[in-house]
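Novice:
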Amino acid sequence: MPNPPQSSSDRHQRLQQLVQRLARPIEFSSRDAYAHLGNVKSLGPYISAQVLDALAGDVYPPNVETDLLALRAVFGDFDTLTDLAERRQRVVDAQAILSRLNMPDVFEQKTSAHSAPAELWNLPIQYAKGVGPKRAVLLAKLGVATVEDALWYVPRRYEDRSVLLPIGRLVPGVAATVCGTVARARLSRIPRRRMTILNVTIEDETGALQCVYFNQPYLEDVFKPGCRVMVSGTVVAGRKGWTDLRMDVPQYEVLDDEDAPLHVGRIVPVYPETKGLTSRQLRTLINGLLDQHLEGMADVVPDTVRSRQRLLPIRAALREVHFPHSPGDLDALNQGVTPAHRRMAFEEFFLLQLGLASQQQSVREEARSVRFNTATPLAGRLRALLPFRLTQAQERVLTEIQRDMTSPHPMNRLVQGDVGCGKTVVALLAMVTACGSGCQAALMVPTEILAEQHYLNLRRLLEGLGLKAVLLTGGGTPKTRAAVRKQIEAGEAHVAIGTHALIQKHVQFARLGLVVIDEQHKFGVLQRKTLLAKGYRPDVLVLTATPIPRTLAMTVYGDLDVSVIDALPPGRKPIRTRVFEEPERRRAYQFVQDEVRAGHQVYIVYPLVEESEKVDLRAAVEGAERLQESIFRTARVGLLHGRMKGEDKERTMAAFKAGEIQVLVSTTVIEVGVDVPNATVMLIEHAERFGLAQLHQLRGRVGRSAQQSYCLLLASLAVGEEGSAARRRLDALVASNDGFVIAEEDLRLRGPGEFFGARQWGVPEFRVANLIRDHALLEQARREALATVREDPRLSGPGHRAARDAMRRRWQTKLVLGSVS
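Counting from 1 along the sequence shown, just add 16 to a position and that's the residue number in my numbering.
Here it is as structure tokens:
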């Protein structure tokens with residue numbers, strides 16, 4: 017629930033209370049001619065916590081925010097100072113800041129020109145101090161093109177270098193950080209093993225430490241005798257025990273006196289590097305940029321949202337993310353869950369959700385160009401042709417779709433559900449409704465193979481209703497494609513099924529009313545834009561091949577209304593899944609033979625990344641021949657792959673459906689759209705090569721009747737990380753038949769960037785936010801964004817313009833967001 021608006025007098029009162037709390041320990045430090053200065057403990061963490069809590073709870077004018085941040089910086093390393101004169105000066109500086117904050121007109125002071133927001137997003141990094149053209153090229157490799165990019169270039173991890181151990185106090189088996197001088201560096205080559213070993217001896221006043229680096233001969237030029245270095249790693253005892261200590265391949269940094277305080281004696285940020293640009297150099301650069309440009313960083317999250325969500329100002333968050341003050345926060349820093357990380361992650365989520373909400377709003381403002389009759393007799397006739405009744409979940413989703421189709425604005429809806437839940441038949445009823453209203457419908461899929469399968473499955477049903485379906489893909493002869501286009505343009509084709517070829521410039525529909533996008537990979541947003549550009553205003557229905565985790569649905573499909581078919585047809589038994597490793601192959605085959613003898617049918621699937629990969633294709637062909645000759649001699653083995661001609665594929669599938677083929681050897685072309693109730697076994701060869709969602713999709717080809725079905729995973733699991741990852745995927749599939757559980761696990765194992773596969777372009781990339789870790793924050797950001805767009809659909813109000821402009825800069829070209837003026 018939104019917080020009630022706070023008056024300026026309320027905020028001023030809370031600021032004065034804060035000043036009083038801060039003043040007490042500072043005044044104590046200055047009493048009796050600073051006699052207590054050396055006894056003050058934990059003043060830095062106290063000041064830091066008080067300031068951050070105040071900044072998260074209230075929105076202050078820039079001058080107040082600047083002074084509070086300055087006060088926090090004054091005490092950042094206060095507790096580590098041993099020089100009492102320096103401590104005294106810090107107290108004097110703090111008292112001056114508190115004096116300014118205590119002035120009655122502090123809320124009325126004008127912001128200086130220096131602190132006015134600057135267009136840091138438009139300031140090339142090349143022109144920042146200490147960069148130049150050559151370093152700008154290196155920064156570009158890291159995705160840093162502007163000063164704003166650099167300030168948002170967050171550390172990969174943090175190291176606590178606040179405690180530096182003398183070498184003489186090192187203990188084997190314990191991780192430590194030491195500083196010392198390079199005494200010598202000796203490079204040895206072992207030609208027989210094609211190996212180099214660099215032994216570096218580092219000394220301090222208490223002892224010596226050996227550091228060993230393998231196959232990094234260039235480090236000989238780094239560890240020059242006499243230079244000061246810092247190394248971090250786990251201590252190992254040598255042959256002589258505790259008097260012979262070493263670190264194997266420790267992290268290192270060469271130190272110089274000038275900027276050493278930035279790199280040691282504190283929690284230190286470690287940045288992703290590129291060749292020619294080290295983490296140390298990035299640390300120095302970003303520290304300088306913070307000093308030069310932080311005052312110009314605009315806060316784009318509206319003040320009301322910041323206050324409700326208790327978010328730090330962006331300037332405080334940036335300073336804290338790069339150079340944190342409190343050593344006790346190391347775990348939170350490395351997990352990315354500090355208040356500073358939360359503030360930056362929220363901004364990324366909020367701007368994305370603002371764009372998606374604006375896109376959704378723009379669709380809702382479109383006037384409907386076609387009218388649908390949801391009571392058309394064609395829908396009832398189709399139901400009569402179906403050999404089953406719709407489930408309650410299907411009926412509920414169909415009602416939501418029909419409500420959209422009769423609303424004043426075009427439909428823009430996503431339907432998702434588990435494999436076998438019946439998404440396609442719901443979409444077919446919507447398409448028939450469009451056709452029964454005098455309109456055309458289009459079904460777009462990402463690949464020619466899927467288009468062919470949908471065409472084969474739907475054509476007969478549509479013909480039974482007197483509707484003509486056509487197939488249009490990039491394949492076939494030019495003459496055939498031209499004939500199909502002509503039928504679409506003349507309105508003779510009621511339903512067009514195909515790939516993106518359906519929306520190419522030379523394809524014209526007579527009266528396009530509904531577009532169904534079956535998305536194995538996300539490609540629908542661009543397609544809708546293309547349709548709008550051609551003058552069409554169709555209803556859009558998006559289907560997903562497998563369930564999508566909620567966080568991904570909110571980011572990739574956040575501009576769509578969402579329906580979920582959350583139940584399977586009744587009477588189906590859970591599919592039993594088991595892993596067979598290579599030595600158990602004969603047992604797997606024996607199980608399959610038993611099922612065939614019982615009169616059931618079997619899929620055997622070979623992995624195929626691309627149909628052009630001849631090696632994989634040959635494996636499937638040879639596998640079919642071997643199985644027919646040596647394993648299933650009394651059964652008929654068929655073969656299906658994407659290189660076959662359309663009529664050959666159709667003939668093979670018809671024979672399998674009719675029970676003439678008992679064992680169908682296939683590539684993953686049967687992943688979607690095949691429904692043979694008598695098929696009870698799915699055997700997947702080289703299951704370790706498949707993604708978890710794809711395995712679940714393949715498993716869904718069986719279990720389509722009341723008979724018990726099985727999924728057998730034949731896998732060759734390698735030793736090492738790759739084999740372990742494959743084992744985790746297979747174990748997850750064995751553990752659950754629930755596609756929504758599988759989807760969440762797949763997201764956890766692979767991460768958002770790979771969830772949809774290599775060709776997936778729609779997953780946003782975040783610099784700080786993490787969809788898995790920050791899922792609750794994403795929900796909050798979405799709620800705030802939706803509320804903001806409801807309040808100000810054009811985002812033209814004074815408090816929303818900065819967010820609108822930032823949203824456009826960061827997301828419009830990446831997500832093809834709707835225009836917001």
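Glycine is no exception: its CB is placed at the ideal position from the N, C-alpha and C atoms. Treat the numbers as computed from the prediction; the structure is a model and nothing was measured.
1. Specify, as a first and last residue, the run of the alpha helix (DSSP H) that D434 falls within.
2. Compute the Euclidean distance between the alpha carbons of R659 and L643, then round it to the nearest angstrom.
3. Check the DSSP bridge columns for T197 and list the partner residues they point to.
4. Tell me the rounded alpha-carbon separation between E221 and Q36.
5. Assuming T197 and R244 form a contact by the criterion Cβ under 8 Å, report the distance between their Cβ atoms to the nearest whole angstrom.
6. Which residues in the same chain as L472 place their Cβ atom closer than 6 Å to its Cβ, once the five residues preceding and following it in sequence are excluded?
7. Please name the residue, chosen from D237, E269 and V316, that lies closest to D821 on a Cα-to-Cα basis.
8. What number of angstroms, rounded off, separates the C-alpha of M823 from the C-alpha of H816?
9. Could you check the C-alpha separation between E795 and R210 for me, to the nearest Å?
10. Report all residues from its chain with a CB closer than 7 Å to the CB of T562; omit the five preceding and five following residues, and keep chain order.
11. Using the beta-carbon count (16 or more within 10 Å), is E738 buried or exposed?
12. Since Q456 and A506 should fall inside the 8 Å C-beta cutoff, what is the C-beta to C-beta distance between them, to a whole number of angstroms?
13. Could you tell me the distance, in whole angstroms, from the CA atom of L367 to the CA atom of A819?
14. Please go through the same chain and pick out, in chain order, the residues whose beta-carbon is closer than 6 Å to the beta-carbon of G491, but skip the five residues on each side of it.
15. Roughly how many whole angstroms lie between the Cα atoms of P266 and L203?
16. In the structure shown, what three-state DSSP assignment does S579 receive?
17. For H52, does the count of other Cβ atoms within 10 angstroms reach 16, so buried, or fall short, so exposed?
18. With a CB to CB cut of under 8 Å and the five nearest residues on each side skipped, what residues in its chain are close to R607?
19. Could you tell me how far apart the beta carbons of R743 and T593 are, in whole angstroms, since I believe they sit closer than 8 Å?
20. Whose C-beta lies closer than 7 Å to the C-beta of A348 among residues of the same chain, with five residues either side of it excluded?
21. Report yes if the CB atom of V67 is closer than 9 Å to the CB atom of R27, and no otherwise.
22. I need the straight-line Cα distance from E468 to E364, nearest angstrom please.
23. Give the range of the beta strand (DSSP E) segment to which P285 is assigned.
24. By how many angstroms is the C-alpha of S579 removed from the C-alpha of G719?
25. Can G189 and V122 be called in contact, C-beta distance under 9 Å?
26. Closest Cβ-Cβ distance between I504 and chain D: below 9 Å?
27. With R798 as the anchor, note down where its alpha helix (DSSP H) starts and where it stops.
28. Let me know the secondary structure DSSP gives C451 once reduced to three states.
29. How about V486 and A450: do their beta carbons lie closer than 9 Å?
30. My guess is that Y174 and L298 are in contact by the Cβ rule of under 8 Å, so how many angstroms apart are they, rounded?
31. Given that a residue counts as buried once 16 or more other Cβ atoms are within 10 Å of its Cβ, and exposed if not, what is R359?
32. Please tell me whether A446 and V532 are closer than 9 Å, where the distance is taken between their beta carbons.
33. Could you check whether L401 and L483 sit closer than 9 Å to each other, using their CB atoms as the reference points?
34. Give the DSSP bridge partners of L293, in chain order.
35. With which residues is F230 paired in a DSSP beta bridge?
36. Would you kindly report the start and end of the unbroken alpha helix (DSSP H) that includes Y605?
Specialist: So, from the listed chains and residues:
1. For D434, no alpha helix (DSSP H) encloses it, and the DSSP letter there is neither H nor E.
2. Each residue's Cα considered, the two are about 20 Å apart.
3. BP columns for T197 point to E219 and R244.
4. The alpha-carbon atoms of E221 and Q36 are separated by roughly 46 Å.
5. With 8 Å as the limit, T197 and R244 qualify as a contact, their Cβ atoms being about 6 Å apart.
6. Leaving aside the five residues that flank L472 on each side, the residues in its chain whose CB is nearer than 6 Å to its CB run, in chain order, E666.
7. For the residues D237, E269 and V316, the minimum Cα distance to D821 belongs to V316.
8. Whole-angstrom Cα-Cα distance: 11 Å.
9. Taking the straight line joining both Cα atoms gives about 53 Å.
10. So the list reads V435, A709, H712, Q713, G755 and A759, once near-sequence residues are dropped.
11. So E738 counts as exposed.
12. About 11 Å separates the two Cβ atoms, so there is no contact after all.
13. Straight-line spacing of the CA atoms in L367 and A819 works out to 7 Å.
14. Contacts found: E464.
15. Rounded to whole angstroms, the separation of the alpha carbons of L203 and P266 is 16 Å.
16. If DSSP states are grouped into helix, strand and coil, S579 belongs with the strands.
17. With fewer than 16 other Cβ atoms within 10 Å, it is exposed.
18. The residue asked about is misnamed: residue 607 is Phe in this sequence, not Arg. Contacts found: V697, Y726 and L728.
19. Contact check for R743 and T593: beta-carbon distance about 14 Å, past the 8 Å limit, so the pair fails to qualify.
20. If we look at A348 and ignore the five residues flanking it on each side, its Cβ neighbours are T354.
21. No; because the gap between Cβ atoms is not below 9 Å, this pair is not in contact.
22. When rounded, the distance between both Cα atoms is 40 Å.
23. Note, P285: beta strand (DSSP E), I283 to V286.
24. Between the C-alpha atoms of G719 and S579 there is a straight-line separation of about 24 Å.
25. Contact flag unset, no.
26. Checking the listed chains, one finds no chain D in this structure; it contains a single protein chain.
27. Looking at the DSSP string, the run of the alpha helix (DSSP H) that includes R798 is H791 to E807.
28. For C451, the secondary structure class from DSSP, reduced to helix, strand or coil, is helix.
29. Between V486 and A450, the CB-CB gap reaches or exceeds 9 Å.
30. Not really, about 14 Å apart at Cβ, beyond 8 Å.
31. Here R359 is buried: its Cβ has 16 or more other Cβ atoms, across all protein chains shown, within 10 Å.
32. Yes. Within cutoff.
33. In terms of Cβ geometry, L483 and L401 do not form a close pair [threshold 9 Å].
34. DSSP output for L293 lists T290 as bridge partner(s).
35. Answer is I213.
36. Where Y605 is concerned, the enclosing alpha helix (DSSP H) starts and stops at R601 to R613.
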